[in-house]
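*Asks:* The structure under discussion is supplied below as structure tokens; questions concerning it will follow.
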Amino acid sequence: MTNTGKNMLEIRWHGRGGQGAVTASKVLAESAMALGKQIQAFPEYGSERQGAPIKAFTRISDQRIMHHSQVTSPDVVIVLDPSLLEAIDVTEGLKDDGILIINTPATPKNIRAQMKLQGRKLFTIDATGISLRHLGKAIPNTPMIGALLGVTKMLPPESVAADFKEKFKGKFKSEILEGNVLCIMDASKEVKSE
Amino acid sequence: MPQILALTGNEAVAYAMKQINPDVVAAYPITPQTSMMQKFADFVAGGEVDSEMVLVESEHSAMSATLGAQAAGARSMTATSACGLALMFEILYIASSYRLPIVMPVVNRALSGPINIQGDHSDTMGVRDAGWIHIFSENAQEAYENTLQAIRIAEHPEVLTPVMVTLDGFIISHGVETVTIFDDDKAKKFVGEYKPRYTLLDTKKPLTLGALNFSDFYFEHKATQLEAFNKSAGVILDVGREFKKTFNSTECYEFFEAYKMDDAEFAVVVLGSTAGSVRMVVDDLRSRGVAAGMIKLRVFRPFPHEELAKALKGLKACAVMDRSIAYGGDGGPVHIEVRSALYGIHPAPMMCNYIYGLGGKPIEPEHILSVFDDLKEAVVKKSFKRRVGYLNLKE
Numbered sequence: 263m264t265n266t267g268k269n270m271l272e273i274r275w276h277g278r279g280g281q282g283a284v285t286a287s288k289v290l291a292e293s294a295m296a297l298g299k300q301i302q303a304f305p306e307y308g309s310e311r312q313g314a315p316i317k318a319f320t321r322i323s324d325q326r327i328m329h330h331s332q333v334t335s336p337d338v339v340i341v342l343d344p345s346l347l348e349a350i351d352v353t354e355g356l357k358d359d360g361i362l363i364i365n366t367p368a369t370p371k372n373i374r375a376q377m378k379l380q381g382r383k384l385f386t387i388d389a390t391g392i393s394l395r396h397l398g399k400a401i402p403n404t405p406m407i408g409a410l411l412g413v414t415k416m417l418p419p420e421s422v423a424a425d426f427k428e429k430f431k432g433k434f435k436s437e438i439l440e441g442n443v444l445c446i447m448d449a450s451k452e453v454k455s456e
Numbered sequence: 046m047p048q049i050l051a052l053t054g055n056e057a058v059a060y061a062m063k064q065i066n067p068d069v070v071a072a073y074p075i076t077p078q079t080s081m082m083q084k085f086a087d088f089v090a091g092g093e094v095d096s097e098m099v100l101v102e103s104e105h106s107a108m109s110a111t112l113g114a115q116a117a118g119a120r121s122m123t124a125t126s127a128c129g130l131a132l133m134f135e136i137l138y139i140a141s142s143y144r145l146p147i148v149m150p151v152v153n154r155a156l157s158g159p160i161n162i163q164g165d166h167s168d169t170m171g172v173r174d175a176g177w178i179h180i181f182s183e184n185a186q187e188a189y190e191n192t193l194q195a196i197r198i199a200e201h202p203e204v205l206t207p208v209m210v211t212l213d214g215f216i217i218s219h220g221v222e223t224v225t226i227f228d229d230d231k232a233k234k235f236v237g238e239y240k241p242r243y244t245l246l247d248t249k250k251p252l253t254l255g256a257l258n259f260s261d262f263y264f265e266h267k268a269t270q271l272e273a274f275n276k277s278a279g280v281i282l283d284v285g286r287e288f289k290k291t292f293n294s295t296e297c298y299e300f301f302e303a304y305k306m307d308d309a310e311f312a313v314v315v316l317g318s319t320a321g322s323v324r325m326v327v328d329d330l331r332s333r334g335v336a337a338g339m340i341k342l343r344v345f346r347p348f349p350h351e352e353l354a355k356a357l358k359g360l361k362a363c364a365v366m367d368r369s370i371a372y373g374g375d376g377g378p379v380h381i382e383v384r385s386a387l388y389g390i391h392p393a394p395m396m397c398n399y400i401y402g403l404g405g406k407p408i409e410p411e412h413i414l415s416v417f418d419d420l421k422e423a424v425v426k427k428s429f430k431r432r433v434g435y436l437n438l439k440e
């Protein structure tokens, strides 16, 4: 049996410590909640080390989410660091018609060949390039949220960007907030399909 | 208006503490302390609570400072987890024997060794007999609501006994969920103002705490403590009913939730966050014509022996799930209680025990499904493969 209800979307985020995968999993969930959805967002629970491979998860549903465990058969997998493709099997459990979004300047065609990927829907986005453009730093999490929204149309990028600004307004300077807004918006348009 | 927020379990409990607004909160500010106290410290720093926050040098000191403040007549709280709770062990017994109504949220995590910081119930099961009321929560919402209720239970004049409210480590404590936070005014009104019945600072009614009791009165002292402890059962139900009515809460605030048990033939007894997954599996089995049910145990101490026996009587078979080990015991601590509750009950179901999820080992619906499969098979074969088994263990 599957662990998903009919109206549940399950997302798995792969990144390295410090890239913002956990934050991304929460930002997306909170924006979905603001639009009336039930949500869960949580990291894989290990010791936290800069640069170590980490996983985070987001569940979004129309109904109360009862299940409390890691996402094992995701609808969407998001990879924030292309070097992970050689380190772990990011497609583990990904549904046959699932979506895979990878942070890389390469085309989906090249990545599919590199991964020897069978089936699934593959998308690529140069999230690191976008974050360098708008933030001057390689923090690819908000571009990856943008790419996800561009692919799935699950939420309007404008509302997620606005929620991001609201959530972090006390924490970041305004240019960082605006930079992240541009990251989300640009990535939603620049994401490449096969 | 109640606020709907995306909160971790820890943050949800910190909101409860904010609404309780304790006079004193003592905490050890380093791991194994969790983000719960970090969030509460934000409320203190922001002037959103009046609490005096005391940062101490160990968990032993955290419980000692909480105990001292409570004895002086201040509503006092602390929070801990895992080895922090273990370090408090000595003082937990003293707090309960002084009849101090301290409320302490505990994030349930594994004890070392091997070193592990992830979720299981070993820590609070290790202080099972310390004389604290012990309430488990399935999710962040329940952890928040149980914490508000715990104050009323602990401070009830017939009870005056400390309460531990627990939430599963990381799965609930660090996972973000949709949580409804009730109006401050309404929550504060429900919690009420603390009017200590006895305080060390009341010079008109001098009081001795920490007296020496040898064979003359120690036993008598302990027996009165036990009598008061047992009275908490009725209070727990009353407070739960009042809470549900006040806040229109949809959660079940009895000793346990009996899910689809009326006509069930097979059932699982479970604590904490795993209950949600069991409920999902029960729904799935029901849709396929299997008469499955679940008991989600909420109150572990005092243990609801009679009520549970009534709920389980007449089942064909049941499995008890334990997220901790009782070395050398008859399975895990929950199993020992449930089996004991069914002594002399006819017809009693066939019963087995599964140890699972230690040190954060995932528990998935397929594992729970396999438990129900084992129950069905045992009924046919009239015996279990194993009376005490493991779930999701690498062979």
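Order-wise, the sequence lines are chains L and G.
Plus 262 on top of the position in the first sequence (first one is 1) and you've got the numbering used here.
Plus 45 on top of the position in the second sequence (first one is 1) and you've got the numbering used here.
Think of the CB as a built atom: it goes at the ideal place given N, C-alpha and C, for glycine as much as any other residue.
1. Which word fits G/K84, buried or exposed, when buried means at least 16 other C-beta atoms lie within 10 angstroms of its C-beta?
2. To which residues of the same chain is G/D68 closer than 6 Å at the C-beta, ignoring the five residues directly before and after it?
3. Using a beta-carbon distance below 9 Å, is G/F227 in contact with chain L?
4. At a CB-CB cut-off below 8 Å, which residues of chain L make contact with G/E220?
5. With DSSP as the reference, label G/E222 as helix, strand or coil.
6. On the DSSP letters alone, give me the boundaries of the alpha helix (DSSP H) that G/S109 sits inside.
7. By how many angstroms is the C-alpha of G/T111 removed from the C-alpha of L/E208?
8. If you follow the alpha helix (DSSP H) that G/H380 is in, where does it begin and where does it stop?
9. Any idea if G/G164 is buried or exposed, counting beta-carbon neighbours within 10 angstroms, 16 or more meaning buried?
10. Tell me whether G/I160 is buried or exposed, calling it buried when 16 or more other Cβ atoms sit within 10 Å of its Cβ.
11. Are any of the Cβ atoms in chain G nearer than 9 Å to that of L/M406?
12. Should the region 397 to 410 of chain G be called in touch with the region 369 to 382 of chain G, which here means at least 3 C-beta pairs below 8 Å?
13. Could you give the DSSP three-state label for G/G434: helix, strand or coil?
14. Rounded to a whole number of angstroms, what is the C-alpha to C-alpha distance between L/M263 and G/P410?
15. Helix, strand or coil: how does DSSP classify L/G289 here?
16. Below 8 Å, how does it come out for the region 430 to 449 of chain L and the region 385 to 402 of chain L: are there three or more Cβ pairs, yes or no?
17. Measure the C-alpha to C-alpha separation of G/Y298 and G/D283 and round it to an integer number of angstroms.
18. Which first and last residues belong to the alpha helix (DSSP H) in which G/A127 is found?
19. Taking CB distances under 9 Å as the criterion, tell me whether G/A59 reaches chain L.
20. So, is the C-beta of L/M416 closer than 9 Å to a C-beta in chain G?
21. Do G/A278 and G/E310 have their CB atoms nearer than 9 Å?
22. Does any CB atom of chain L fall closer than 9 Å to the CB of G/A188?
23. Of the residues G/D247, G/E222, G/V327, G/H105, which one's Cα is nearest the Cα of G/A116?
24. Please go through the same chain and pick out, in chain order, the residues whose beta-carbon is closer than 7 Å to the beta-carbon of G/S157, but skip the five residues on each side of it.
25. Along the region 318 to 347 of chain L, what residues have a CB closer than 7 Å to any CB found in chain G?
26. Quick one: any contact between the region 161 to 180 of chain G and the region 342 to 350 of chain G, if contact means 3 or more CB pairs under 8 Å?
27. Short of 7 Å Cβ to Cβ, which residues in the region 281 to 299 of chain L face chain G?
28. List, from N- to C-terminal side, the alpha helix (DSSP H) runs of 4 residues or more that fit wholly inside the region 328 to 393 of chain G.
29. Which of the three DSSP states, helix, strand or coil, is assigned to L/S450?
30. Nearest to G/G404 by CA position, among G/N153, G/Q194, G/V94, is which residue?
31. Less than 9 Å between the beta carbons of L/K371 and L/E272, yes or no?
32. Who are the neighbours of G/S318 on chain L, taking C-beta pairs under 8 Å?
33. Would you list, in chain order, the members of the region 139 to 170 of chain G that have their beta-carbon closer than 7 Å to a beta-carbon of chain L?
34. Should G/G237 be labelled buried (16 or more other beta-carbon atoms within 10 Å of its own) or exposed?
35. For G/E382, decide whether its Cβ has a neighbour in chain L, counting only Cβ atoms nearer than 9 Å.
36. Of all the CB atoms in chain L, is at least one closer than 9 Å to the CB of G/D213?
*Replies:* Taking the coordinates as given:
1. Locating residue 84 of chain G in the second sequence gives position 39, where the first residue counts as 1. G/K84 is classed as buried because its beta carbon has at least 16 other beta carbons within 10 Å across all chains shown.
2. Here residue 68 of chain G corresponds to residue number 23 of the second sequence, with the count starting at 1. Taken in chain order, the residues that qualify are A119, R120.
3. Within the second sequence, numbered from 1, the residue matching residue 227 of chain G stands at position 182. No, no contact with chain L.
4. Along the second sequence, one-based indexing puts residue 220 of chain G at 175. It is worth fixing the name first, because residue 220 of chain G is Gly in this sequence and not Glu. Going along chain L in sequence order, the residues near G/G220 (Cβ under 8 Å) are Q302, A303, F304, H330.
5. Position 177 of the second sequence, counting from 1, holds the residue named residue 222 of chain G. Correct three-state label for G/E222: strand.
6. By 1-based counting over the second sequence, the position of residue 109 of chain G is 64. Segment 104 to 116, the alpha helix (DSSP H) holding G/S109.
7. Lying before the first or after the last residue shown, residue 208 of chain L is absent from chain L, which here runs from 263 to 456.
8. The sequence position of residue 380 of chain G within the second sequence is 335, counting from 1. Residues 378 to 386.
9. As a working mapping, residue 164 of chain G is identified with position 119 in the second sequence. Within 10 angstroms of the beta-carbon of G/G164 lie 16 or more other beta-carbons, which makes it buried.
10. One-based indexing of the second sequence puts residue 160 of chain G at position 115. By the neighbour-count criterion, in which 16 or more other beta carbons inside 10 Å mark a residue as buried, G/I160 falls on the exposed side.
11. Start at 1 with the first residue of the first sequence, and residue 406 of chain L comes out as number 144. So, not an interface residue.
12. By the C-beta criterion, the region 397 to 410 of chain G is judged to be in contact with the region 369 to 382 of chain G, since at least 3 inter-stretch pairs fall below 8 Å.
13. Taking the second sequence and counting its residues from 1, the one referred to as residue 434 of chain G is at position 389. Look at G/G434 here: in three-state DSSP terms it is strand.
14. Indexing the first sequence from 1 puts residue 263 of chain L at position 1. Indexing the second sequence from 1 puts residue 410 of chain G at position 365. In this prediction, L/M263 scores a pLDDT of 39, lower than 50, which makes its location untrustworthy; the coordinate-derived value is nonetheless stated afterwards. G/P410 has its alpha-carbon roughly 8 Å from the corresponding atom of L/M263.
15. Counted from its first residue, the first sequence places residue 289 of chain L at position 27. Reading off the sequence, residue 289 of chain L comes out as Val, not Gly. Helix, per DSSP.
16. The way I'd put it, the region 430 to 449 of chain L does touch the region 385 to 402 of chain L; three or more beta-carbon pairs between them come closer than 8 Å.
17. Here the question's residue 298 of chain G lines up with position 253 in the second sequence. Here the question's residue 283 of chain G lines up with position 238 in the second sequence. Annotation: G/Y298 to G/D283 spans about 9 Å, alpha carbon to alpha carbon.
18. Counting from 1 along the second sequence, the entry for residue 127 of chain G is found at position 82. Counting along the chain, the alpha helix (DSSP H) containing G/A127 begins and ends at 127 to 142.
19. As a first step, residue 59 of chain G is located in the second sequence; it is residue number 14 there, counting from the start. False, the Cβ-Cβ gap to chain L never drops below 9 Å.
20. Taking the first sequence and counting its residues from 1, the one referred to as residue 416 of chain L is at position 154. At a cut-off of 9 Å, the C-beta of L/M416 has no neighbouring C-beta in chain G.
21. If you number the second sequence from 1, residue 278 of chain G lands on position 233. If you number the second sequence from 1, residue 310 of chain G lands on position 265. Annotated as distal: G/A278 and G/E310, with beta-carbon spacing of 9 Å or more.
22. For this step, residue 188 of chain G is matched to residue 143 along the second sequence. At a cut-off of 9 Å between C-beta atoms, G/A188 does not count as an interface residue with respect to chain L.
23. What you label residue 116 of chain G is simply residue 71 of the second sequence in a count that begins at 1. The option with the nearest alpha carbon to G/A116 is G/D247.
24. As a working note, residue 157 of chain G is residue 112 in the second sequence. Within the same chain, G/S157 has close Cβ partners C128.
25. Cβ contacts with chain G: M328, H329, H330, S331, Q332, T334.
26. The region 161 to 180 of chain G is in contact with the region 342 to 350 of chain G.
27. Against chain G - using a Cβ distance shorter than 7 Å - the residues of the region 281 to 299 of chain L are K288, A291, E292, M295.
28. Within the region 328 to 393 of chain G, the runs of alpha helix (DSSP H) at least 4 residues long that lie entirely inside it are, in chain order, 350 to 357, 378 to 386.
29. For the purposes of this step, residue 450 of chain L is identified with residue 188 of the first sequence, where counting begins at 1. Helix, per DSSP.
30. Here residue 404 of chain G corresponds to residue number 359 of the second sequence, with the count starting at 1. Taking G/G404 as reference, the option from G/N153, G/Q194, G/V94 with the minimal CA-CA separation is G/N153.
31. Residue mapping note: residue 371 of chain L aligns to position 109 of the first sequence, counting from 1. Residue mapping note: residue 272 of chain L aligns to position 10 of the first sequence, counting from 1. Not a contact, by the Cβ cut-off of 9 Å.
32. Here residue 318 of chain G is taken as the residue at index 273 of the second sequence, counted from 1. Listed along chain L are H330, each with a C-beta nearer than 8 Å to that of G/S318.
33. Per Cβ criterion, the list reads Q163.
34. Within the second sequence, residue 237 of chain G is the residue found at index 192, counting from 1. Looking at its Cβ environment, which holds fewer than 16 other Cβ atoms inside 10 Å, G/G237 is exposed.
35. Here residue 382 of chain G refers to the residue found at position 337 when the second sequence is read from its first residue. G/E382 does not count as touching chain L.
36. Here residue 213 of chain G is taken as the residue at index 168 of the second sequence, counted from 1. True, the Cβ-Cβ gap to chain L drops below 9 Å.
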